[in-house]
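Asker:
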Amino acid sequence: MQEKNGLKLFIKKVTILIAIAALGGITLVLAIVLAVANRKLYVYEDPRIDIVEDMLPHANCGACGYPGCKPFAEALTKGETNPGKCTVSSEAGIDQIANYLGLTAEREDKKVARLACAGGSNVARKRAKYEGIKSCQAASLISGGGKGCFWGCLGFGDCETVCDFDAISMDQHGLPVVDEDKCTACGDCVEVCPKDLFSLQYQKHQLLVACKNLEVGDEILEECEVACTACGKCAMDAPKGMINIESNLAVIDYSNYTNSQVPIERCPTGAIVWQDNGFMLRGTSHKSIIRKESRPLGSS
Amino acid sequence: MSEEPLWNIFINASLVNNFVLAYFLGICPFLGVSGKLGTATKMGGAVMFVMLISSMCAFGIHLLLEAIGAPFLQLISYIVVIASTVQLVEMFLKKMSPALFKALGIFLPLITTNCAILGLALFQTNKGYNFLECLVYALGAGTGFTLALILIAGFREQLEYADVPKVIKGTVLTLIIAGILSLSFMGFSGLGN
Numbered sequence: 012m013q014e015k016n017g018l019k020l021f022i023k024k025v026t027i028l029i030a031i032a033a034l035g036g037i038t039l040v041l042a043i044v045l046a047v048a049n050r051k052l053y054v055y056e057d058p059r060i061d062i063v064e065d066m067l068p069h070a071n072c073g074a075c076g077y078p079g080c081k082p083f084a085e086a087l088t089k090g091e092t093n094p095g096k097c098t099v100s101s102e103a104g105i106d107q108i109a110n111y112l113g114l115t116a117e118r119e120d121k122k123v124a125r126l127a128c129a130g131g132s133n134v135a136r137k138r139a140k141y142e143g144i145k146s147c148q149a150a151s152l153i154s155g156g157g158k159g160c161f162w163g164c165l166g167f168g169d170c171e172t173v174c175d176f177d178a179i180s181m182d183q184h185g186l187p188v189v190d191e192d193k194c195t196a197c198g199d200c201v202e203v204c205p206k207d208l209f210s211l212q213y214q215k216h217q218l219l220v221a222c223k224n225l226e227v228g229d230e231i232l233e234e235c236e237v238a239c240t241a242c243g244k245c246a247m248d249a250p251k252g253m254i255n256i257e258s259n260l261a262v263i264d265y266s267n268y269t270n271s272q273v274p275i276e277r278c279p280t281g282a283i284v285w286q287d288n289g290f291m292l293r294g295t296s297h298k299s300i301i302r303k304e305s306r307p308l309g310s311s
Numbered sequence: 009m010s011e012e013p014l015w016n017i018f019i020n021a022s023l024v025n026n027f028v029l030a031y032f033l034g035i036c037p038f039l040g041v042s043g044k045l046g047t048a049t050k051m052g053g054a055v056m057f058v059m060l061i062s063s064m065c066a067f068g069i070h071l072l073l074e075a076i077g078a079p080f081l082q083l084i085s086y087i088v089v090i091a092s093t094v095q096l097v098e099m100f101l102k103k104m105s106p107a108l109f110k111a112l113g114i115f116l117p118l119i120t121t122n123c124a125i126l127g128l129a130l131f132q133t134n135k136g137y138n139f140l141e142c143l144v145y146a147l148g149a150g151t152g153f154t155l156a157l158i159l160i161a162g163f164r165e166q167l168e169y170a171d172v173p174k175v176i177k178g179t180v181l182t183l184i185i186a187g188i189l190s191l192s193f194m195g196f197s198g199l200g201n
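Just so you know, the protein sequences line up as chains A and B, in that order.
Per my numbering, the very first residue in the first sequence carries number 12; after that it's consecutive.
Per my numbering, the very first residue in the second sequence carries number 9; after that it's consecutive.
Written as structure tokens, this is what we have:
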């Protein structure tokens, strides 16, 4: 009886050993195959890519022209682009990447988003009351959004929502104000605005026509007190070719630009403004805006 | 079983008892990687390759386990073999075609736990196929899988441009197409056993 039990135990032990040996053998062979394959098929990935990516701000905004920070880092290590193209990174951050890769950073002049509309609720009239989704894109689908000026800012703040950098805030008259220190010129607000009011401009170009109204004559001042009436005074007094009247709107040619405050002095409505980090400075010749509250709906 | 002609095995595995549409094996890549025709074709190729290799290995391992009297290790050994093969394919793809590697994404390592492949290894053991038959069976199963993937990818690409009701857009529509495809593959059931 005891012998039989011993035999059973022995067989059990052997089976366990066989199982261990068989599985061990199979896994060993496979491990060797994989180890060899790993040697043969090893892909060299530039270790600098990850390091450079860590130095980048991880905003993935696309302002550099690449889909995100990782592709930008790849292009950087290949020498296809320059660290200065990143508009989000701080000066120190750009220098750090440039030093790491042994490059000299070619900085571009800082660009910021600027709004070509100054028609806040205190100067621009609404002709209809919009009661729908609080979004410019939705409102603009319904007869342009109800504002007297078809081209004007609707003020629901799609740009404020879309801005990843907290650089846009709405002021008390429902106009977006860009904090130029925070703005990285990623272009998200340019894309989202249904009225195409934002554009990316060099920060050093402080002169801006803050209007897109294409109508002509003083009648449009009824709709918005700071509209461009296409009077042409600015164009006449500016250096030749710097300001032109195109389709009833003053347009500044930034390729032929001098930073001077003369045009804002000449503008009778205050449509041409001097941008100073979010503040719109107007000339002294135009009628000053003292109204604080919104203009009434519809009536004239 | 050896009286079954090879072409019969092939047709049986690829059409009549299509792994995806008749057995419902390997559904996750079938739904997950079938968005684009190109990716689907290559995924099918990768699965077919893994099927062939693991079928061969499974045949050898089955013999080995029978010889040492430990057939209870079958399942776990198959899993190990399949996992290693997938690892091999992954390395190969990463080296040869990084774009495809990225496109397949998580579904490439998921081939490891693809039930179609483990199912193939177990079926062929159960049916007692010889080596050549195993290869043909694996080839048939791989072809069937690729065929199903290509068919549904084609449908889905076309439907991207179609104006379908909003409620069934996306996953729902994919599942409906899969059902209809499965239904139509029922028609092959008269062909064999």
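We treat Cβ as the ideally placed atom computed from N, Cα and C, and that holds for glycine.
Because the structure is a prediction, the values reported are computed rather than measured.
1) Taking three-plus beta-carbon pairs below 8 Å as touching, is the segment 17-28 of chain B in contact with the segment 166-185 of chain B?
2) Roughly how many angstroms separate the alpha carbons of L155(B) and P173(B), rounded to a whole number?
3) How many angstroms separate the CA atom of E12(B) from the CA atom of S192(B)?
4) DSSP beta-bridge partners for N255(A)?
5) Which residue wins for smallest C-alpha separation from G76(A), given the options T88(A), N93(A) and D61(A)?
6) When DSSP builds the beta bridges, which residues end up paired with Y213(A)?
7) Given that a residue counts as buried once 16 or more other Cβ atoms are within 10 Å of its Cβ, and exposed if not, what is K199(A)?
8) Taking Cβ-Cβ distances shorter than 8 Å, what residues in chain A pair up with S197(B)?
9) Which residues in chain A sit within 8 Å of I69(B), going by Cβ to Cβ distance?
10) Beta-carbon of T88(A) versus every beta-carbon of chain B: anything under 9 Å?
11) Is it true that the CB of Y268(A) sits closer than 9 Å to the CB of L218(A)?
12) Taking any Cβ of chain B, which residues in the segment 44-55 of chain A have a Cβ under 9 Å from it, in chain order?
13) Chain B beta carbons: is any one of them nearer than 9 Å to that of A30(A)?
14) Please give the ranges of any alpha helix (DSSP H) in the segment 115-143 of chain B, keeping only runs that are unbroken, at least 4 residues long and fully inside the region.
15) What does the Cβ neighbour count give for I275(A), buried or exposed, with the cut at 16 atoms within 10 Å?
16) Is the beta carbon of L101(B) sitting closer than 9 Å to the one on A161(B)?
17) For A111(B), which of helix, strand or coil comes out of DSSP?
18) Return yes when the C-beta of G155(A) is under 8 Å from any heavy atom of the ligand ADP, and no when it is not.
19) Hey, is I114(B)'s beta-carbon within less than 9 Å of any beta-carbon in chain A?
20) Taking 8 Å as the cut-off, does the segment 85-92 of chain A touch the segment 178-189 of chain A (at least 3 CB pairs, one atom from each stretch)?
21) Report the partner residues of D287(A) according to the DSSP bridge assignment.
22) Nearest to G294(A) by alpha carbon, out of E304(A), Q272(A) and C160(A)?
23) Please report the distance separating the alpha-carbon of R118(A) from that of A124(B).
24) Run through chain A and tell me which residues come within less than 8 Å of K102(B), C-beta to C-beta.
25) Output the distance between the C-alpha atoms of I90(B) and V44(A), rounded to the nearest integer angstrom.
26) Look at the alpha carbon of C164(A) and the alpha carbon of A238(A), and state the distance between them as a whole number of angstroms.
27) Count the other CB atoms, across all protein chains shown, that sit within 10 Å of the CB of A116(A); report buried if there are 16 or more and exposed otherwise.
28) For T93(B), which of K51(A), H69(A) and L41(A) has the nearest alpha-carbon?
29) Going by alpha carbons, who is nearest to D229(A) out of C174(A), P58(A), A124(A) and G243(A)?
30) Within 9 Å of any Cβ in chain E, is that where the Cβ of K121(A) sits?
31) Can S154(A) and A139(A) be called in contact, C-beta distance under 9 Å?
32) What does the alpha-carbon distance come out to for the pair V123(A) and Y265(A)?
33) Whose Cβ in chain B lies nearer than 8 Å to the Cβ of L41(A)?
Answerer: Quick answer:
1) no
2) Locating residue 155(B) in the second sequence gives position 147, where the first residue counts as 1. Locating residue 173(B) in the second sequence gives position 165, where the first residue counts as 1. The straight-line gap from Cα to Cα measures roughly 28 Å.
3) Within the second sequence, residue 12(B) is the residue found at index 4, counting from 1. Within the second sequence, residue 192(B) is the residue found at index 184, counting from 1. Taking the Cα positions, E12(B) is about 26 Å away from S192(B).
4) Position 244 of the first sequence, counted from the start, is the residue given in the question as residue 255(A). According to DSSP, N255(A) bridges with V262(A).
5) Counting from 1 along the first sequence, the entry for residue 76(A) is found at position 65. Here the closest residue by C-alpha is N93(A).
6) Counted from its first residue, the first sequence places residue 213(A) at position 202. For Y213(A), which the question treats as bridged, DSSP gives the partners K122(A).
7) Here residue 199(A) refers to the residue found at position 188 of the first sequence. Sequence check: residue 199(A) is Asp here, not Lys. Result: buried.
8) Locating residue 197(B) in the second sequence gives position 189, where the first residue counts as 1. Chain-ordered listing is empty here: chain A has no CB closer than 8 Å to the CB of S197(B), the nearest sitting near 37 Å.
9) Counted from its first residue, the second sequence places residue 69(B) at position 61. Scanning chain A for C-beta atoms nearer than 8 Å to the C-beta of I69(B) yields I37, reported in chain order.
10) Taking the first sequence and counting its residues from 1, the one referred to as residue 88(A) is at position 77. The C-beta of T88(A) comes no closer than 9 Å to any C-beta of chain B.
11) Numbered from 1 along the first sequence, position 207 holds the residue referred to as residue 218(A). Numbered from 1 along the first sequence, position 257 holds the residue referred to as residue 268(A). Contact: yes.
12) V44, L45, A48, N49, K51, L52, Y53 and V54
13) Looking up residue 30(A) in the first sequence gives position 19. For A30(A), the closest Cβ of chain B is nearer than 9 Å.
14) If we require 4 residues or more, the alpha helix (DSSP H) runs fully inside the segment 115-143 of chain B come out as 115-118 and 123-135.
15) Working through the first sequence from its first residue, we reach residue 275(A) at position 264. I275(A) sits buried, since 16 or more C-beta atoms from the chains shown fall within 10 Å of its C-beta.
16) One-based indexing of the second sequence puts residue 101(B) at position 93. One-based indexing of the second sequence puts residue 161(B) at position 153. Not in contact: L101(B) and A161(B) (Cβ atoms no closer than 9 Å).
17) Mapped onto the second sequence, residue 111(B) falls at position 103. Three-state result, A111(B): helix.
18) Absence of the ligand ADP from the depicted structure is noted, as is the absence of any ligand whatsoever, leaving it without description.
19) By one-based count along the second sequence, residue 114(B) stands at place 106. Closer than 9 Å: no.
20) no
21) Locating residue 287(A) in the first sequence gives position 276, counting from the first residue. According to the DSSP secondary-structure assignment, D287(A) is paired through a beta bridge with F290(A).
22) Position 283 of the first sequence holds residue 294(A). Closest option to G294(A), Cα to Cα, is Q272(A).
23) On the first sequence, residue 118(A) is found 107 positions in, with the first residue counted as 1. On the second sequence, residue 124(B) is found 116 positions in, with the first residue counted as 1. In a straight line, the C-alpha of R118(A) is about 56 Å away from that of A124(B).
24) Translated into positions along the second sequence, residue 102(B) becomes position 94. The answer, in chain order, is L52 and V54.
25) Taking the second sequence and counting its residues from 1, one reaches residue 90(B) at position 82. Taking the first sequence and counting its residues from 1, one reaches residue 44(A) at position 33. Each residue's alpha carbon lies about 13 Å from the other.
26) For this step, residue 164(A) is matched to residue 153 along the first sequence. For this step, residue 238(A) is matched to residue 227 along the first sequence. Going from the Cα of C164(A) to the Cα of A238(A) covers about 12 Å.
27) Here residue 116(A) is taken as the residue at index 105 of the first sequence, counted from 1. With 16 or more Cβ atoms within 10 Å of its Cβ, A116(A) is classed as buried.
28) For the purposes of this step, residue 93(B) is taken as residue 85 along the second sequence, with counting starting at 1. It is L41(A) whose Cα lies nearest to the Cα of T93(B).
29) For the purposes of this step, residue 229(A) is identified with residue 218 of the first sequence, where counting begins at 1. It is G243(A).
30) Reference to chain E is not applicable here, since the protein chains of this structure are A and B.
31) Within the first sequence, residue 154(A) is the residue found at index 143, counting from 1. Within the first sequence, residue 139(A) is the residue found at index 128, counting from 1. The answer is yes: Cβ separation under 9 Å.
32) For the purposes of this step, residue 123(A) is identified with residue 112 of the first sequence, where counting begins at 1. For the purposes of this step, residue 265(A) is identified with residue 254 of the first sequence, where counting begins at 1. About 14 Å.
33) Along the first sequence, read from residue 1 onward, the residue named residue 41(A) stands at position 30. The answer, in chain order, is V88, V89 and S92.
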